[in-house]
Every structure is written in C-alpha cells, then in structure tokens.
Amino acid sequence: MRKFTLLLAFTAFIATSSFAQNSYLSKLEVDFTVGTANQNFSSALMLQRIHRINLIKKLQFGVGYGVRYTANALSSTSLTASPEKFQSDDRLAISGGTIHSLNAAIHLQISWGRFEAGFNIDVAGLGFGGSQTGNYSVAGVEQSQETAKPTPTNLLLGGARDIGSLHSERYVRYWVNDKLGIKLALGHLFGEYTTDRKLNLDNDRFRNIYDPFIIGVTYRFFK
16 MRKFTLLLAF
26 TAFIATSSFA
36 QNSYLSKLEV
46 DFTVGTANQN
56 FSSALMLQRI
66 HRINLIKKLQ
76 FGVGYGVRYT
86 ANALSSTSLT
96 ASPEKFQSDD
106 RLAISGGTIH
116 SLNAAIHLQI
126 SWGRFEAGFN
136 IDVAGLGFGG
146 SQTGNYSVAG
156 VEQSQETAKP
166 TPTNLLLGGA
176 RDIGSLHSER
186 YVRYWVNDKL
196 GIKLALGHLF
206 GEYTTDRKLN
216 LDNDRFRNIY
226 DPFIIGVTYR
236 FFK
C-alpha cells in the first residue's frame, strides 16, 4: 500500500512538472496525508484547486474541488450492515484488508494570512481492492462464511445512506512559505465491502467507520 501511494505521489509530481507553463495547472495543490485510529491506518493523495475570495484585509473564503486517492487499511474488525433500513446486529467479521478509493471531492475553507481552517468531503467515485473472507453473524449468532470485495461505486447521499468508501476531513493548515503547508485534521472514513451474495433481508453491504487523527503536507508546485 505504501509503495503504491509513493508511486502515485511520484506520478503526480511528474505530471504537474510536465505542464508547468499551463496557467490552470499553476494553481493546483498536491495534498498528502496519513492518519490512524483504532489500529486502522489511512493514507491519501489529493490533487486540488482552491478558489480563494478576498473578504476583508487578510481574510479569504475558499471554495474548491479535487480528486482524492485513499488507501484505507483496516485491522481485524467487525463490519456492520450498511443501508439505513437494516439494524446493526448483522455483522461481517474480517481479519483485515485494504480498500482503495478514487473520488471527486469538494472543499470549503477560511484563510487568515498563513492560517487556514476548512472542511473537505468525497462526493462520488470508485472503490477497489482485494477480496476478504469473513464470518457473517446475526444478533451475535454466526451464520456462515462469506466472501466480500470493496463496494465498486462510492456516492455521498448523507449519513447512513452513503454508498461505498468515502473520506472527509476537518482541518487546519499553516503555510510555512508560499509553496509548503503543514496540515492537521480529524478525518471521517467509511470503508465498505459488498458480499458475493445477498444475505439477511436482501442486504449485501457492510461497513467500518472511524475517525482518524491526520497529519499531512500540502505543496504548490508553481506559485
């Protein structure tokens, strides 16, 4: 997973360097983060553009968009039934696994000089990764062993209705200079698997949710 993330970072650097003269690309930022909670580990690489609007003096309001790749490495965990209509006593216990996602994201933030505070969230994209075999249980009673893969479609619908694997952050950032920023954030990650067959009440989706503490860096290539 870490090798794959480093490869993405190198690819992003080469791609942006190749188009240094492009006025649109010159406003892009690359954001790399790592986070952990409950023995789970996440890393993310995002290409983003923030439109900063001057309000008063040093105060700016920012609206942005981007594309985020997330590698969500789950420890041994018990996944709960995903759709809102199902009760959480249906569970799928897995020994671990990594869910990869590539999603479009949106940003809102406030800037004051070199300091920024904001929020970003994935809205739609794709999920992929290896299959996992887990123990399926209902109300604590084991029923069967099931095979599951990361849910292929990610979609923000709001709360328990969300589909797939999504990533959001509440963050603060300090720009050390015009190019390099340091970020601290509290994340909110959904990691979702879909079983090979329908189970109780026709459900086949199971998810893990956790809130990692995140650190990261943001880099402007051509400012």
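In my numbering, the protein residues as written are 16 to 238.
All C-beta atoms in this analysis are idealised placements derived from N, C-alpha and C, irrespective of residue type, glycine included.
Check: Distance, I125 Cα to E131 Cα; Outcome: 6 Å
Check: C-alpha distance - A139 paired with Y80, whole-angstrom precision; Outcome: 12 Å
Check: First through last residue of the beta strand (DSSP E) which encompasses S159; Outcome: V156 to P165
Check: Own chain, CB closer than 6 Å to S90, minus 5 neighbours either side, in chain order; Outcome: Q54, N55 and G111
Check: Supposed close pair F205, I224 - CB separation, criterion 8 Å; Outcome: 6 Å
Check: Which of helix, strand or coil DSSP assigns to R67; Outcome: strand
Check: Whether H122 touches Q158 by CB criterion (8 Å); Outcome: no
Check: Nearest candidate by alpha-carbon position, reference R7, set L60, P98 and L70; Outcome: Residue 7 lies beyond the stretch modelled for the chain, which goes from 16 to 238, so this question has no answer here.
Check: I109 beta carbon less than 8 Å from that of P165; Outcome: no
Check: Through-space distance from L171 to L141, alpha-carbon basis; Outcome: 12 Å
Check: Close-in-space but distant-in-sequence residues of the same chain around H203 (CB under 7 Å, 5 per side omitted); Outcome: S183 and D226
Check: Nearest residue (CA-CA) to A86, options D137, G144 and T95; Outcome: G144
Check: Neighbourhood of Y189 by C-beta, 7 Å cutoff - its chain only, sequence neighbours within 5 removed; Outcome: R129, F130, G196 and I197
Check: 8 Å Cβ cutoff, N118 in contact with chain D; Outcome: This model lacks chain D altogether, as it is built from one protein chain only.
Check: For I68 and G179, the rounded distance between their alpha carbons; Outcome: 33 Å
Check: Separation of Y208 from G133, as counted between CA atoms; Outcome: 29 Å
Check: Cβ-Cβ distance between Y186 and E44 below 8 Å; Outcome: no
Check: Check whether D137 and N215 have beta carbons under 8 Å apart; Outcome: no
Check: Cβ separation of T162 and D211, assumed to be a contact under 8 Å, to the nearest whole Å; Outcome: 5 Å
Check: Local conformation of K73 per DSSP, three classes; Outcome: coil
Check: Endpoints, beta strand (DSSP E) assigned at K198; Outcome: L195 to T210
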